[in-house]
Amino acid sequence: MRTTVLGYPRIGPNRELKRALESYWDGRITRDELDQVGAGLREETWRRLAELGLDALPSNTFSLYDQVLDTAVMLGAVPERYREAEDPYFAMARGTQGLAPLRMTKWFDTNYHYLVPEISPSTVFRLDASKPVGEVRQARALGFDTRPVMLGPVTFVLLAGALERLDEVLGCYEELLSALAAEGVSWVQLDEPALVCDRTKEELEAVRAAYERLCARPSRPSLLVAAYFGDLGEALPVLAGTPVEGIGVDLVRGSLPIELPGRTVFAGVVSGRDVWRTREAEALAALRAVRAGEVVVSTSCSLQHVPYSLAVEERLEPALRERLAFAEEKVAEVVALARLFAEGATPAPTSAAAPAGAERAEPSARSPYEVRAKVQAEHLGLPKLPITTIGSFPQTAQLRAARADRSLPRASYEALVEGEIERAIRVQERLGLDVLVHGEPERNDMVQYFAEHLDGFAVTEHGWVQSYGSRCTRPPLLHGDVGRPAPITVRWARYAQSLTAKPVKGMLTGPVTIVAWSFVRDDLPLREVTFQVADAIAREVRDLESEGISVIQVDEPALRELLPLRASAQPSYLQWAVAAYRRATSVAADRTQIHTHLCYSDAEQIISAIDALDADVTTIESARSGAPAPEGFPRGLGPGVYDIHSPRVPSEEEVESLLKAALDVLPAERLWVNPDCGLKTRTYEQVEASLANVVRATLRVREAL
Ligand code: GLN
Ligand code: ZN
Numbered sequence: 001m002r003t004t005v006l007g008y009p010r011i012g013p014n015r016e017l018k019r020a021l022e023s024y025w026d027g028r029i030t031r032d033e034l035d036q037v038g039a040g041l042r043e044e045t046w047r048r049l050a051e052l053g054l055d056a057l058p059s060n061t062f063s064l065y066d067q068v069l070d071t072a073v074m075l076g077a078v079p080e081r082y083r084e085a086e087d088p089y090f091a092m093a094r095g096t097q098g099l100a101p102l103r104m105t106k107w108f109d110t111n112y113h114y115l116v117p118e119i120s121p122s123t124v125f126r127l128d129a130s131k132p133v134g135e136v137r138q139a140r141a142l143g144f145d146t147r148p149v150m151l152g153p154v155t156f157v158l159l160a161g162a163l164e165r166l167d168e169v170l171g172c173y174e175e176l177l178s179a180l181a182a183e184g185v186s187w188v189q190l191d192e193p194a195l196v197c198d199r200t201k202e203e204l205e206a207v208r209a210a211y212e213r214l215c216a217r218p219s220r221p222s223l224l225v226a227a228y229f230g231d232l233g234e235a236l237p238v239l240a241g242t243p244v245e246g247i248g249v250d251l252v253r254g255s256l257p258i259e260l261p262g263r264t265v266f267a268g269v270v271s272g273r274d275v276w277r278t279r280e281a282e283a284l285a286a287l288r289a290v291r292a293g294e295v296v297v298s299t300s301c302s303l304q305h306v307p308y309s310l311a312v313e314e315r316l317e318p319a320l321r322e323r324l325a326f327a328e329e330k331v332a333e334v335v336a337l338a339r340l341f342a343e344g345a346t347p348a349p350t351s352a353a354a355p356a357g358a359e360r361a362e363p364s365a366r367s368p369y370e371v372r373a374k375v376q377a378e379h380l381g382l383p384k385l386p387i388t389t390i391g392s393f394p395q396t397a398q399l400r401a402a403r404a405d406r407s408l409p410r411a412s413y414e415a416l417v418e419g420e421i422e423r424a425i426r427v428q429e430r431l432g433l434d435v436l437v438h439g440e441p442e443r444n445d446m447v448q449y450f451a452e453h454l455d456g457f458a459v460t461e462h463g464w465v466q467s468y469g470s471r472c473t474r475p476p477l478l479h480g481d482v483g484r485p486a487p488i489t490v491r492w493a494r495y496a497q498s499l500t501a502k503p504v505k506g507m508l509t510g511p512v513t514i515v516a517w518s519f520v521r522d523d524l525p526l527r528e529v530t531f532q533v534a535d536a537i538a539r540e541v542r543d544l545e546s547e548g549i550s551v552i553q554v555d556e557p558a559l560r561e562l563l564p565l566r567a568s569a570q571p572s573y574l575q576w577a578v579a580a581y582r583r584a585t586s587v588a589a590d591r592t593q594i595h596t597h598l599c600y601s602d603a604e605q606i607i608s609a610i611d612a613l614d615a616d617v618t619t620i621e622s623a624r625s626g627a628p629a630p631e632g633f634p635r636g637l638g639p640g641v642y643d644i645h646s647p648r649v650p651s652e653e654e655v656e657s658l659l660k661a662a663l664d665v666l667p668a669e670r671l672w673v674n675p676d677c678g679l680k681t682r683t684y685e686q687v688e689a690s691l692a693n694v695v696r697a698t699l700r701v702r703e704a705l
């Protein structure tokens, strides 16, 4: 064994699984037919990996929805209320008519989302090994011996918030190891990414005890414990102190500072998190630095976070293509590196990373908030509790079709967009909102739209990666120096403002969110790249302002997503992320009101950073989370008075009581009224009914002030 990968994409090279899932959910195919699509995709993956020269193939990396959900099901952690559902697995994943799904959240610091296992006192853990065993058998029938992969016991209980149940869970894993040994499996991979986060002494002790116990199991396969997305830190000596045969380390983001004689190190030198080619000399140096019994060349983490293959991309510039590696190309890199490593070759180092540019001083044309607030109040003349929305209005099927239709003349498309803008403005005027939006009908997506209009970005045709379940995104490639060759949003803002005397918000995506949702070049520090994006956005802010736009919203819903996993790295991240945001917005004059929007509210750890963004108004999602508005927030705040993620129309009374509750903790001068997030996933019917109730409720509360 010399080469492997920790995991592979599973949505299908042409998103076959997505289509099959949607057909199954619509009742157009049976569960059997769906499973056959899954089996076909697994077979294709094993064949492809073997063809590319990989010698240790993983199995059980396939999932119909999510690998954490698979683990919960394998352990019997299916909450009672789902058991009667027609298909309990998908009831947990997506809910049913009367049943909410399991909570979903971000997988560490990636853009993948997993379902949070729910463990209660009534949970009885019972092993169902049919999925991993089934995949091992399927592969064997095709002539492949595989290493089944599953989430490890410690990460499983930590994600479920149930460390106290570890002992019971370990019982299932012991049985699982025996079952797999009986299948003739020689290695099992247990993924423990939770070990790269800060862990308490008690948790580290649990790691030690867990792996001591599993290793003591008689007749079991060899154990590979794979930890990725960062450095193992204190968990490394703990793991090394147990008898596990293999340790998987992320050598792209982490290190291996100790010797592991007699062990097999799965050296993750090819990144599973980005789309760039591996720098050969660096990777070889990292491999040579490993002191262990045996070294297996591997990826830093599963390749599920990158698209399948570069081969199908036909429109990429050759110079860019040369710098790229998607999943297939990364497998080829693993194989090539293992050969060079074995031969003892020393390739010439590729050009070193460009030096970091000097940090430019932050422009600070703006006065402090208190001063600006007065200037803005005078300039805008808004009522108390001003009503606004977050930006997008419903996108019609006709609009989406028109955008996708490359043969549609540009003028026809633009006329259609203007028609949509007019419709949105008329609705808002009729309902009586105070700060209007143009509705974003020209945007496919809040990041991709900007990527398509900025220099330094490219977009792929087929570069889909799974976000959750059947949902995929196609992240832009941020590969070069970022520039803004021409104004992007100005003409739409100008048109919208021409239709109304009320202020229309200019609507921009913030620099941190743009980089968070792109694949970003790795030859410059992320901070530098983000500053370049910030400068491009700042130009847009200036141009909107000079067109007479007096309120500009710069959204940063992903501010929290890039937060480093380790607490020690968080302050410096927040510092530069905030600096980038301010760089984009502080070019505005005092009388221009800057808004920002964040898609969450439980932001305690970063509430001071939100304040440091220095926006005049911040809108957050608190109706959805049910969290109260943060007390005494020192600037304008729109906590969100209804959850747009549901088609439900909120009642006037409901909105009124949320507003009253907010007024208990915030002065009326600083409270804004708005839905939780953009309205693009709703229908006009729902939006008009909901906003009408919001306006009525606000008028009542205003009267009582
Ligand atoms: N302005 C965007 C919209 O309304 C914000 C979306 C978001 O926060 N994710 O759609
Ligand atoms: Zn939002």
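Residues in the sequence shown are numbered consecutively from 1, following full-length UniProt numbering. All C-beta atoms, glycine included, are put in the ideal place defined by N, C-alpha and C.
Answer with buried or exposed for residue i, where buried requires no fewer than 16 other C-beta atoms within 10 angstroms of its C-beta.
i, result
"Pro667", "exposed"
"His645", "exposed"
"Thr110", "buried"
"Val124", "exposed"
"Lys505", "buried"
"Val371", "exposed"
"residue 714", "As shown, the chain starts at 1 and ends at 705. That puts residue 714 outside it, with no answer to give."
"Pro13", "buried"
"Ala72", "buried"
"Gly7", "buried"
Cβ atoms of residue j and residue i: under 8 Å apart, would you say?
i, j, result
"Gly272", "Ser302", "yes"
"Pro475", "Asp455", "no"
"Val617", "Arg635", "yes"
"residue 707", "Leu613", "The displayed coordinates of the chain run from 1 to 705. Any statement about residue 707 would go beyond what the structure contains."
"Thr45", "Val149", "no"
"Leu170", "Pro117", "no"
"Thr389", "Pro675", "yes"
"His595", "Pro557", "no"
"Arg15", "Trp576", "no"
"Ala20", "Ile29", "yes"
"Phe144", "Leu565", "no"
"Pro647", "Arg682", "yes"
"Phe266", "Gly248", "yes"
Since residue i is in the alpha helix (DSSP H), which residue starts that stretch and which ends it?
i, result
"Glu125", "The residue asked about is misnamed: residue 125 is Phe in this sequence, not Glu. Per DSSP, Phe125 belongs to no alpha helix (DSSP H) and is neither H nor E."
"Ala285", "Glu280 to Ala289"
"Ala56", "Where Ala56 is concerned, there is no enclosing alpha helix (DSSP H), given that its DSSP letter is neither H nor E."
"Asp543", "Leu526 to Ser546"
"Gln570", "Gln570 to Thr585"
"Phe90", "Pro88 to Arg94"
"Pro237", "Ala235 to Ala240"
"Arg339", "Ala327 to Glu343"
Under the DSSP definition of a beta bridge, which residues are partnered with residue i?
i, result
"Glu294", "Thr264"
"Thr681", "None; Thr681 has no bridge partner."
"Gln553", "Met507 and His595"
"Ile387", "Val673"
"Arg471", "Tyr468"
"Tyr114", "Thr105"
"Phe519", "Leu477"
So residue i packs on residue j, CB below 8 Å; how close in whole Å?
i, j, result
"Lys680", "Ser392", "4 Å"
"Asp535", "Arg583", "7 Å"
"Thr3", "Val269", "With 8 Å as the limit, Thr3 and Val269 do not qualify as a contact, their Cβ atoms being about 11 Å apart."
"Arg81", "Ile119", "Not confirmed; about 14 Å, so no contact."
"Ala292", "Arg321", "Ala292 to Arg321, Cβ: 35 Å. No contact."
"Ala580", "Glu547", "Ala580 to Glu547, Cβ: 24 Å. No contact."
"Ile425", "Leu436", "6 Å"
From which residue to which residue does the beta strand (DSSP E) around residue i run?
i, result
"Ala226", "Ser222 to Ala227"
"Trp187", "Trp187 to Asp191"
"Pro148", "Thr146 to Leu151"
"His479", "Leu477 to Gly483"
"Gly638", "Gly636 to Gly638"
"Ile247", "Gly246 to Asp250"
"Asp455", "Asp455 to Ala458"
"residue 771", "This structure cannot settle anything about residue 771, because the visible part of the chain is limited to 1 through 705."
Is residue i near the ligand COA, going by C-beta to nearest heavy atom under 7 Å?
i, result
"Gly640", "Of the ligands one can find in the structure shown, namely the ligand GLN and the ligand ZN, none is the ligand COA."
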